[in-house]
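When you line the sequence shown up against the numbering used here, it's residues 134 to 183, in that order.
This report refers to the structure that appears directly beneath it.
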Amino acid sequence: MLLKHANQHDLYLRFKAGEFDVNNQQQSGTPPMVKTDALKSLLDENPSQT
134 MLLKHANQHD
144 LYLRFKAGEF
154 DVNNQQQSGT
164 PPMVKTDALK
174 SLLDENPSQT
């Protein structure tokens, strides 16, 4: 996995501050627009759409 220099610096600062959780965290911006139920029904209709 390659990280941009800015991302590396952000991670370094977080680790230095004692924050070791590297799991996905909530981010600002537009939330995903995929509706799970709608996607599941489409895949149930035609499972080859993966």
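Glycine included, every Cβ here is placed at the ideal spot set by N, Cα and C.
Since we're looking at a predicted model, the values are computed, not measured.
Start-to-end residues for the alpha helix (DSSP H) that takes in residue i
i, result
"residue 179", "First-last for residue 179: undefined, no H or E at that position."
"residue 139", "138–149"
Through-space distance from residue j to residue i, alpha-carbon basis
i, j, result
"residue 153", "residue 178", "42 Å"
"residue 180", "residue 168", "17 Å"
"residue 150", "residue 137", "20 Å"
Any non-hydrogen atom of the ligand HEM closer than 7 Å to residue i Cβ
i, result
"residue 173", "For the ligand HEM, the structure offers nothing, since it holds no ligand at all."
Own chain residues within Cβ distance below 8 Å of residue i, not counting five before or after
i, result
"residue 175", "182"
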